[in-house]
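A.B. asks: This is the structure, below, for whatever I ask next.
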Amino acid sequence: EIVLTQSPTTMAASPGEKVTITCRASSSVSYMHWYQQKPGASPKPWIYDTSKLASGVPNRFSGSGSGTSYSLTISSMETEDTATYYCQQWSSNSFTFGSGTKLEIK
Amino acid sequence: EVQLQQSGPEVGRPGSSVKISCKASGYTFTDYVMNWVKQSPGQGLEWIGWIDPEYGSTDYAEKFKKKATLTADTSSSTAYIQLSSLTSEDTATYFCARDAGFDYWGQGVMVTVSS
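Heads up: the protein sequence lines correspond to chains A and B, in order.
Note that the first sequence ends on residue 106 in our numbering; no numbers are left out.
Note that the second sequence ends on residue 115 in our numbering; no numbers are left out.
Spelled out as structure tokens, the structure:
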């Protein structure tokens with residue numbers, strides 16, 4: 001099973017600040033997907049196939065990476081971006097999620 | 001509009017089983033697999049497995065092979081997960097999510113294991 005390690009676990013950013021969340025895989029994966037979850041709500045698909053934004057996701061978000069290292073970037077933090085973000089991959093007939101990065105506003 | 005409507009909260013005694021449902025609407029149920037995901041209190045997401053409603057075929061994460069059983073009723077467009085031999089470790093919220101892309105999610109069902 002491929003293990004996904006996210007960093008940081010928790011972070012706070014000021015409005016307008018650039019934010020980068022990293023996801024490292026224990027073995028190389030072809031794609032990485034990202035989900036946003038707000039308290040008390042179901043997760044939402046956010047970025048799929050490493051760099052494609054899901055419907056309705058603001059274009060201040062971007063995704064990149066390859067092999068074992070992937071990232072989600074927010075070019076300019078906004079209050080509504082406060083949430084927990086999870087990376088996810090599929091390989092060997094199994095999905096695994098990262099442990100999540102809780103992003104707060106300063 | 002695609003919707004996944006899950007059943008209500010459950011309380012199960014240690015050692016018992018619970019079965020929760022996920023009723024799909026707004027699309028052809030047999031066209032997409034249905035995933036199940038566990039979220040323990042204050043914790044992250046764990047994939048339990050998926051079912052292909054058209055064929056009834058299933059795939060499970062290794063950790064859940066003896067814990068969860070996935071089924072689907074095409075006549076009612078409803079997917080089910082049964083959790084057996086409940087322990088405190090099974091206290092969690094369980095989500096259904098459509099397709100390999102997890103593009104639509106149910107609202108989640110809280111399962112509490114308590115004597």
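Using N, Cα and C, we set each Cβ at its ideal position, and we do this for glycine too.
Keep in mind that this is a model prediction, so the values were computed, not measured.
Any C-beta of chain A sitting closer than 8 Å to the C-beta of Ala100 (chain B)?
C.D. replies: Counting from 1 along the second sequence, the entry for residue 100 (chain B) is found at position 100. At least one chain A Cβ lies under 8 Å of Ala100 (chain B).
A.B. asks: Closest to Pro45 (chain A) by CA distance: which of A:Leu4, A:Ala13, A:Gln88, A:Ile105 is it?
C.D. replies: As a working mapping, residue 45 (chain A) is identified with position 45 in the first sequence. Comparing Cα positions, the closest option is A:Gln88.
A.B. asks: Quick test of your reading: Gly101 (chain B) and Tyr48 (chain A), contact by CB under 8 Å. State the CB separation rounded to the nearest angstrom.
C.D. replies: Taking the first residue of the second sequence as position 1, residue 101 (chain B) is located at position 101. Taking the first residue of the first sequence as position 1, residue 48 (chain A) is located at position 48. For Gly101 (chain B) against Tyr48 (chain A), the beta-carbon gap comes to about 6 Å, under 8 Å, which counts as contact.
A.B. asks: Quick one: what does DSSP say Lys63 (chain B) is sitting in, helix, strand or coil?
C.D. replies: If you number the second sequence from 1, residue 63 (chain B) lands on position 63. The answer is helix: DSSP assigns Lys63 (chain B) an H, G or I state.
A.B. asks: Cutting at 7 Å between CB atoms, please list the residues of its own chain near Met110 (chain B), excluding the five before and the five after it.
C.D. replies: Along the second sequence, one-based indexing puts residue 110 (chain B) at 110. For Met110 (chain B), where only same-chain residues beyond five positions count, the Cβ hits under 7 Å are Pro9, Thr93.
A.B. asks: Could you tell me which whole beta strand (DSSP E) segments of length 3 or greater appear in the segment 54 to 106 of chain B?
C.D. replies: 57 to 60, 68 to 73, 78 to 83, 92 to 98
A.B. asks: According to DSSP, is Glu80 (chain A) part of a helix, a strand, or is it coil?
C.D. replies: Counting from 1 along the first sequence, the entry for residue 80 (chain A) is found at position 80. DSSP places Glu80 (chain A) in helix when its eight states are reduced to three.
A.B. asks: With 16 other CB atoms within 10 Å as the buried threshold, where does Ala41 (chain A) fall?
C.D. replies: Residue mapping note: residue 41 (chain A) aligns to position 41 of the first sequence, counting from 1. When all chains shown are included, Ala41 (chain A) counts as exposed.
A.B. asks: When you compare the CB positions of Thr115 (chain A) and Ser99 (chain A), do they come within less than 8 Å of one another, or not?
C.D. replies: The first residue shown for chain A is 1 and the last is 106, placing residue 115 (chain A) beyond what the model contains.
A.B. asks: Checking the sheet assignment: what are the DSSP bridge partners for Val113 (chain B)?
C.D. replies: For the purposes of this step, residue 113 (chain B) is identified with residue 113 of the second sequence, where counting begins at 1. DSSP output for Val113 (chain B) lists B:Gly12 as bridge partner(s).
A.B. asks: In chain D, what lies closer than 7 Å to Leu45 (chain B) by C-beta?
C.D. replies: Of the protein chains in the structure, A and B, none is chain D.
A.B. asks: Could you name the residues of chain B that Ser30 (chain A) contacts, counting a contact when the two beta carbons are closer than 8 Å?
C.D. replies: Here the question's residue 30 (chain A) lines up with position 30 in the first sequence. Neighbours of Ser30 (chain A) on chain B: none; closest Cβ ~13 Å, over 8 Å.
A.B. asks: Does any CB atom of chain B fall closer than 8 Å to the CB of Gly100 (chain A)?
C.D. replies: Residue numbering aside, residue 100 (chain A) sits at position 100 when the first sequence is read from its first letter. Chain B contact via Cβ: present.
A.B. asks: Run down chain B in chain order and give the residues with a C-beta less than 8 Å from the C-beta of Ser51 (chain A).
C.D. replies: Numbered from its first residue, the first sequence carries residue 51 (chain A) at position 51. What Ser51 (chain A) touches in chain B: nothing, since even the nearest Cβ is about 15 Å away.
A.B. asks: In chain order, what residues of the same chain lie with their CB nearer than 8 Å to the CB of Ser57 (chain B), ignoring the 5 residues before and after it?
C.D. replies: As a first step, residue 57 (chain B) must be located in the second sequence, where it is residue number 57. Result list for Ser57 (chain B): Ile51, in chain order.
A.B. asks: Decide if Val18 (chain B) is buried, meaning its Cβ has at least 16 other Cβ atoms within 10 Å, or exposed.
C.D. replies: Within the second sequence, numbered from 1, the residue matching residue 18 (chain B) stands at position 18. Buried.
A.B. asks: Who does Asn35 (chain B) pair with in a DSSP beta bridge?
C.D. replies: On the second sequence, residue 35 (chain B) is found 35 positions in, with the first residue counted as 1. Answer is B:Trp50, B:Ala97, bridged to Asn35 (chain B).
A.B. asks: Spatial neighbours of Asp99 (chain B) within its chain, please: CB distance less than 7 Å, with the 5 preceding and 5 following residues excluded, ordered by chain position.
C.D. replies: Position 99 of the second sequence, counting from 1, holds the residue named residue 99 (chain B). Around Asp99 (chain B): Tyr32, Val33.
A.B. asks: Using DSSP bridges, identify the partner residues of Thr22 (chain A).
C.D. replies: Start at 1 with the first residue of the first sequence, and residue 22 (chain A) comes out as number 22. A:Ser7, A:Ser71.
A.B. asks: Looking at the structure shown, is Thr28 (chain B) part of a helix, part of a strand, or coil, going by DSSP?
C.D. replies: In the second sequence, counting from the first residue as 1, residue 28 (chain B) sits at position 28. Thr28 (chain B) falls in the coil class under three-state DSSP.
A.B. asks: I'd like to know whether the C-beta of Phe95 (chain B) is nearer than 8 Å to at least one C-beta of chain A.
C.D. replies: Residue 95 (chain B) sits at position 95 when you count from the first residue of the second sequence. It does; some Cβ of chain A falls within 8 Å.
A.B. asks: Let's see if you can read the secondary structure: which residues bound the beta strand (DSSP E) around Tyr35 (chain A)?
C.D. replies: As a first step, residue 35 (chain A) must be located in the first sequence, where it is residue number 35. Run containing Tyr35 (chain A): 33 to 37, per the beta strand (DSSP E) assignment.
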